[in-house]
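S.K.: Below you'll find the structure I mean.
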Amino acid sequence: MKILPKNSGFKVPNNYFEKLPERVNDKINQNTFIPKNQGFTVPNDYFKSVYENVVTKISAAEEVKIVKLNLSKRKYYLAIAVVAVLLFFASIISNLTTSTTLSFQDIANSEIENYFNKTDFNFSTYDLAQMLPIEDMEIEVTDIIDTKINEEQIINYLESSTGIDIQELYKEDYE
Amino acid sequence: MVAEEILVRQLKQKDSQAKAFEVLVDAYKVRLYWHIRKIVLDHNDADDVLQNTFIKVYKNIHNFKEDSKLFSWIYRIATNEALTFLKSKSKLLGVTSEELQSLLLENLESDVYFEGDEIQLKLQNAIAILPEKQRLVFNMKYFDELKYNEISEILGTSVGGLKASYHQAVKKVEHFLKNN
Chain A
121 MKILPKNSGF KVPNNYFEKL PERVNDKINQ NTFIPKNQGF TVPNDYFKSV YENVVTKISA
181 AEEVKIVKLN LSKRKYYLAI AVVAVLLFFA SIISNLTTST TLSFQDIANS EIENYFNKTD
241 FNFSTYDLAQ MLPIEDMEIE VTDIIDTKIN EEQIINYLES STGIDIQELY KEDYE
Chain B
71 MVAEEILVRQ LKQKDSQAKA FEVLVDAYKV RLYWHIRKIV LDHNDADDVL QNTFIKVYKN
131 IHNFKEDSKL FSWIYRIATN EALTFLKSKS KLLGVTSEEL QSLLLENLES DVYFEGDEIQ
191 LKLQNAIAIL PEKQRLVFNM KYFDELKYNE ISEILGTSVG GLKASYHQAV KKVEHFLKNN
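Protein chains in written order, with this note's numbering: chain A, 121 to 295; chain B, 71 to 250.
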């Protein structure tokens, strides 16, 4: 068996395998019953007018580009210049005639309230106390609590809750 | 026909551009028209798209880098123009691309530039249900008889992918024609 040659001697035409898929396709196309004619038609002499129609469209587009576009650009620049000059004079006139300038007071209170209501600032009570000193607030203790509290009651409350002798503190301060 | 490289050179030079453009339109108008017509179906739409294709070629010839054939480049522009046209049309009518295909087929039945019989109308119905890529490949291979490597250059898809798409398309069209 060892003396038998491996080469069988068969040959194929040049590029046989490269062209095989194309030939298979051709075969498929031959065997199919799909019609080759799709039934579309064109108006008489349609193809004779294609070049002229295309050239007419190109010329029209170029004319529009050269003449009308430049005109409209000029108009555009002119309009911008007129508006700019008018705005300039309007701002000067309004500055001369009105003495009022916008300030914090001009913002409607409702807008400020709305802003604070809707914005979560995450302020601590300490931050709030720092920002809103009690002496600046136009409120009395009685605005919050109905019963009037005298000084003696306050001292008694502070001494009992903190354990500090307030009278002693006074003495220390004056010594 | 003038050799492609010479034609391209003439198209890019101002003094020879007009004459070369006439040669180009004459050489490609029929093939391009039928390629476009198979995509948009209606004659007037095909005419619009064909003219726009040539205008794009004229305006963009300086951008043609000659790394592909002029024929493939023009076919690619025509294909893109036709597909873009269909997309704008479906947008304008407020319908999907599938619904637009049905509308185009309905119009085809009353189109004076369609003389197809029942089988040819059925064929258009079968082609209309194919996905866009398969529809393009089927038209280009079966009717235009372009080679796979030419279609590959035009659509930018691998030859293997095109073969698969084409065989699937043939099967679907045959199945539709047999069963309807």
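Even glycine gets a Cβ: it sits at the ideal position worked out from N, Cα and C. Predicted model, so just to flag it, every value in this text is computed and none were measured.
Indicate whether the contact test is met: 3 or more Cβ pairs, each with one atom in the stretch 109-118 of chain B and one in the stretch 161-179 of chain B, closer than 8 Å.
M.R.: Touching, per the Cβ criterion.
S.K.: Using the three-state DSSP reduction, which class does Phe-153 of chain A fall into: helix, strand or coil?
M.R.: If DSSP states are grouped into helix, strand and coil, Phe-153 of chain A belongs with coil.
S.K.: Can you tell me which of B:Phe-246, B:Gln-204, B:Thr-149 puts its alpha carbon nearest to the alpha carbon of His-237 of chain B?
M.R.: Comparing Cα positions, the closest option is B:Gln-204.
S.K.: Using the DSSP secondary-structure output, state which residues sit across from Phe-160 of chain A in a beta bridge.
M.R.: For Phe-160 of chain A, which the question treats as bridged, DSSP gives the partners B:Phe-184.
S.K.: If you measure between the beta carbons of Leu-162 of chain B and Ala-196 of chain B, is that distance less than 9 Å?
M.R.: Taking 9 Å as the Cβ cut-off, Leu-162 of chain B and Ala-196 of chain B do not qualify as a contacting pair.
S.K.: Find the residues of chain A that neighbour Leu-193 of chain B, judging by a C-beta separation of less than 7 Å, and give them in chain order.
M.R.: Neighbours of Leu-193 of chain B on chain A, chain order: Ile-154, Pro-155, Gln-158.
S.K.: Answer with buried or exposed for Val-240 of chain B, where buried requires no fewer than 16 other C-beta atoms within 10 angstroms of its C-beta.
M.R.: With 16 or more Cβ atoms within 10 Å of its Cβ, Val-240 of chain B is classed as buried.
S.K.: Write down the C-beta distance between Ile-286 of chain A and Ile-269 of chain A rounded to the nearest angstrom, noting that I regard them as a contact closer than 8 Å.
M.R.: Their Cβ separation, rounded to whole angstroms, is 15 Å, which puts Ile-286 of chain A and Ile-269 of chain A out of contact at 8 Å.
S.K.: For the 8 Å Cβ check, are there 3 or more pairs between the stretch 215-229 of chain B and the stretch 185-202 of chain B?
M.R.: No, they do not touch.
S.K.: The stretch 75-102 of chain B: which residues have C-beta closer than 9 Å to a C-beta of chain A, in chain order?
M.R.: The residues in question are Ala-88, Phe-91, Glu-92, Val-95, Asp-96, Lys-99, Val-100.
S.K.: Give a yes or no on contact between the stretch 91-108 of chain B and the stretch 130-144 of chain A, applying the rule of three or more CB pairs nearer than 8 Å.
M.R.: Short answer: they don't touch.
S.K.: Which same chain residues end up closer than 8 Å to Lys-126 of chain B when comparing Cβ atoms and leaving out the 5 residues on each side of it in sequence?
M.R.: Around Lys-126 of chain B: Ile-147, Glu-151.
S.K.: Phe-208 of chain A to Ser-214 of chain A, Cα distance in whole Å?
M.R.: About 10 Å.
S.K.: Within the same chain, show all residues whose beta-carbon is closer than 7 Å to that of Lys-159 of chain B, passing over the 5 residues directly before and after it, in chain order.
M.R.: Excluding residues within five positions, the ones whose Cβ falls inside 7 Å are Leu-170.
S.K.: Would you mind telling me which residues of chain B sit closer than 9 Å to Tyr-171 of chain A, beta carbon to beta carbon, in chain order?
M.R.: The contacting residues are Phe-91, Glu-92, Val-95, Asp-96, Lys-99, Phe-124.
S.K.: Please state whether the Cβ-Cβ distance between Phe-213 of chain B and Lys-156 of chain A is less than 9 Å.
M.R.: Contact flag set, yes.
S.K.: For Val-174 of chain A, return the contacting residues in chain B, with the cut-off set at a CB-CB distance below 7 Å.
M.R.: The contacting residues are Val-95, Gln-121, Phe-124, Ile-125.
S.K.: Taking the alpha-carbon of Lys-242 of chain B as reference, which of B:Asn-219, B:Ile-221, B:Lys-192, B:Ser-222 has the nearest alpha-carbon?
M.R.: Checked all of B:Asn-219, B:Ile-221, B:Lys-192, B:Ser-222; the closest Cα to Lys-242 of chain B is B:Lys-192.
S.K.: Compute the Euclidean distance between the alpha carbons of Arg-101 of chain B and Arg-107 of chain B, then round it to the nearest angstrom.
M.R.: Between Arg-101 of chain B and Arg-107 of chain B, the C-alpha separation is close to 10 Å.
S.K.: What would DSSP say about Leu-111 of chain B, mapped onto helix, strand or coil?
M.R.: Correct three-state label for Leu-111 of chain B: coil.
S.K.: Could you run through the stretch 106-119 of chain B and flag, in chain order, every residue whose CB is less than 9 Å away from some CB of chain A?
M.R.: Of all residues in the stretch 106-119 of chain B, Arg-107, Lys-108, Leu-111, His-113, Ala-116, Asp-117 have a Cβ within less than 9 Å of some Cβ in chain A.
S.K.: Considering Cα atoms alone, identify which of B:Lys-129, B:Thr-149, B:His-105, B:Val-119 is closest to Lys-82 of chain B.
M.R.: Checked all of B:Lys-129, B:Thr-149, B:His-105, B:Val-119; the closest Cα to Lys-82 of chain B is B:Lys-129.
S.K.: How about Gly-186 of chain B: is its C-beta nearer than 9 Å to some C-beta of chain A?
M.R.: Closer than 9 Å to some Cβ of chain A, the Cβ of Gly-186 of chain B qualifies, so yes.
S.K.: Name, please, each residue of chain B whose Cβ falls closer than 9 Å to the Cβ of Pro-133 of chain A.
M.R.: Ordered by position in chain B, no residue passes the 9 Å Cβ test against Pro-133 of chain A, which lies about 19 Å from the chain.
S.K.: Closest Cβ-Cβ distance between Tyr-166 of chain A and chain B: below 9 Å?
M.R.: For Tyr-166 of chain A, the answer is yes, since a Cβ of chain B falls inside 9 Å of its Cβ.
S.K.: Please classify Ile-189 of chain B: is it buried, with 16 or more other beta-carbons within 10 angstroms of its beta-carbon, or exposed?
M.R.: By the 10 Å Cβ count, Ile-189 of chain B comes out exposed.
S.K.: In three-state terms, what does DSSP make of Phe-134 of chain B?
M.R.: Phe-134 of chain B: coil per DSSP, three-state reduction.
S.K.: Residues of chain B with a CB under 7 Å from the CB of Lys-177 of chain A: which are they?
M.R.: Gln-121, Ile-125, listed in chain order.
S.K.: Does DSSP classify Ile-147 of chain B as helix, strand or coil?
M.R.: DSSP places Ile-147 of chain B in helix when its eight states are reduced to three.
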